[in-house]
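Residue numbers (full-length UniProt numbering): 1 to 124. Quick reminder that beta carbons are idealized off the backbone N, C-alpha and C, glycines included. Notes for the one structure printed next.
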Amino acid sequence: MDVLKFNIDGSARGSPGLAGMGGVLRDASGKVLCLFSNHLGIQFSNTTEILAIHKAVHICADSSTLSARNIIIISDSKVAVSWVNNDGFGNLDHVNWIYDIRSKLDYLGNTKVILRGHACEERV
Numbered sequence: 001m002d003v004l005k006f007n008i009d010g011s012a013r014g015s016p017g018l019a020g021m022g023g024v025l026r027d028a029s030g031k032v033l034c035l036f037s038n039h040l041g042i043q044f045s046n047t048t049e050i051l052a053i054h055k056a057v058h059i060c061a062d063s064s065t066l067s068a069r070n071i072i073i074i075s076d077s078k079v080a081v082s083w084v085n086n087d088g089f090g091n092l093d094h095v096n097w098i099y100d101i102r103s104k105l106d107y108l109g110n111t112k113v114i115l116r117g118h119a120c121e122e123r124v
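Here you go:
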């Protein structure tokens with residue numbers, strides 16, 4: 001079964017500032033399977049990245065079609081990827097989102113969150 005790539009991003013204009021997030025899920029041929037984008041009001045950049053990962057993980061977990069697939073969620077935020085994949089959670093404001101992300105990743109079992117440019121991304 002082919003691996004799907006879910007590229008996500010979040011950003012804020014300022015610290016904090018007006019913020020948004022989005023993501024695109026593609027199959028191995030590049031066909032777009034899912035898109036999302038959301039305005040987030042006033043947020044910090046790290047929060048937008050965590051929320052984008054959170055949204056992508058929930059899209060995967062809530063879809064019977066996607067929950068059985070191998071999916072790589074790709075972020076450009078070293079901080080957010082580290083918080084999701086390691087024992088810490090950085091900021092107490094993010095703890096509930098991060099625990100929820102980790103729980104959904106455990107449930108899915110075949111979905112990973114990696115940093116853009118990671119060797120795993122290049123092999124897919």
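As assigned by DSSP and simplified to three states, the class of residue i
{"i": "Asp9", "result": "strand"}
{"i": "Asn92", "result": "Here the sequence assigns Leu to residue 92, which means Asn is not the residue at that position. Reduced to three states, the DSSP call for Leu92 is helix."}
{"i": "Leu66", "result": "coil"}
{"i": "Asn38", "result": "strand"}
{"i": "Ser75", "result": "strand"}
{"i": "Ser19", "result": "A quick correction: the sequence has Ala, not Ser, at residue 19. In the structure shown, Ala19 sits in a strand (DSSP, three-state: E or B)."}
Rounded straight-line distance, which links the Cα of residue j to that of residue i
{"i": "residue 147", "j": "Arg13", "result": "No answer is possible for residue 147: the residues shown for the chain start at 1 and end at 124."}
{"i": "Gly30", "j": "Ile73", "result": "15 Å"}
{"i": "Phe44", "j": "Asn91", "result": "11 Å"}
{"i": "Leu35", "j": "Ser75", "result": "15 Å"}
{"i": "Lys5", "j": "Leu18", "result": "27 Å"}
{"i": "Ser103", "j": "Ser64", "result": "17 Å"}
{"i": "Asn7", "j": "Asn96", "result": "22 Å"}
{"i": "Ala80", "j": "Glu49", "result": "6 Å"}
{"i": "Asp2", "j": "Pro16", "result": "39 Å"}
{"i": "Ile98", "j": "Asp27", "result": "26 Å"}
{"i": "Val32", "j": "Gly109", "result": "23 Å"}
{"i": "Glu122", "j": "Val113", "result": "Because the pLDDT at Glu122 is just 49, under 50, the model does not fix this residue reliably, and the value given afterwards should be weighed accordingly. For Glu122 and Val113, the distance between alpha carbons rounds to 14 Å."}
Element boundaries [beta strand (DSSP E), containing residue i]
{"i": "Asn110", "result": "First-last for Asn110: undefined, no H or E at that position."}
Cβ-heavy atom distance, residue i to the ligand ZN, below 7 Å
{"i": "Leu108", "result": "Ligands in the displayed structure: none, and consequently the ligand ZN is not present."}
Checklist line | Inter-stretch contact at 8 Å, needing at least 3 Cβ pairs: the region 37-55 / the region 83-100 | finding: yes
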